[in-house]
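Residue numbers (our numbering): 1036 to 1226. Here a beta-carbon is modelled for each residue, glycine too, at the ideal position from N, C-alpha and C. Keep in mind that this is a model prediction, so the values were computed, not measured.
Here's what the structure looks like:
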């Protein structure tokens, strides 16, 4: 099954916030409190936040559009890493941050995440960056498997504040190339 991937527009801010409210909690450790998750959603994933992201020339948001409903999104930030732990860990420069990459749970296992990653890597490569990096919670085994399959490798660690809780993330990095990952090509041939 193929999904429509496109760059988000200002009209998508509300739908992105709604999708984030469904997908972000799935990436949180089981011990995360609902209060901390709600605080993070309000501070960084609200409709107003997405309005700001969409207006920022250094940010690219790619969405999975399923007949007008959004089923996934990624958010790239084309700026140097400001976190000192991340900056020290990265080996590829310049590098783009994959700040967010989420797919609605109804799309899990259907190839949507692989297609979103392929489009995201292409958008990152189009910036001229040599590498792409991300932070992922060290307890998020599903995401770690997906990112490893997507060609990322761990290069360091960083801390992440989720409301009142200090979480620990792995810093993952991969080189950018104009070709899609081999596994994506294989998956498309199997479908």
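Taking the alpha-carbon positions, what's the residue i to residue j distance?
i	j	result
residue 1183	residue 1144	16 angstroms
residue 1110	residue 1133	6 angstroms
residue 1084	residue 1116	20 angstroms
residue 1040	residue 1151	7 angstroms
residue 1140	residue 1058	7 angstroms
residue 1053	residue 1047	10 angstroms
residue 1122	residue 1130	10 angstroms
residue 1198	residue 1087	21 angstroms
residue 1073	residue 1190	30 angstroms
Using the three-state DSSP reduction, which class does residue i fall into: helix, strand or coil?
i	result
residue 1219	Interpretation of residue 1219 is limited by its pLDDT of 46, a score under 50 that renders its predicted location unreliable; no figure is taken from the coordinates.
residue 1163	coil
residue 1180	helix
residue 1041	strand
residue 1091	coil
CB residue i to CB residue j, shorter than 8 angstroms?
i	j	result
residue 1097	residue 1050	no
residue 1172	residue 1062	yes
residue 1104	residue 1076	no
residue 1192	residue 1067	no
Within the continuous beta strand (DSSP E) that includes residue i, where are the two ends?
i	result
residue 1197	1188 to 1197
residue 1097	1094 to 1101
residue 1133	1130 to 1138
residue 1117	No beta strand (DSSP E) contains residue 1117, which DSSP labels as neither H nor E.
Have a look at the options and flag the residue whose alpha-carbon is nearest the alpha-carbon of residue i.
i	options	result
residue 1209	1114, 1141 and 1164	1164
residue 1090	1156, 1043, 1148 and 1175	1043
residue 1195	1167, 1093, 1081 and 1119	1119
residue 1206	1212, 1200, 1187 and 1198	1187
residue 1112	1065, 1166, 1124 and 1068	1166
If I follow the unbroken alpha helix (DSSP H) through residue i, where does it start and stop?
i	result
residue 1075	1069 to 1079
Examine chain C for any beta-carbon lying closer than 8 angstroms to the beta-carbon of residue i, and answer yes or no.
i	result
residue 1174	As a matter of chain content, chain C is missing from the structure shown, which is built from one protein chain.
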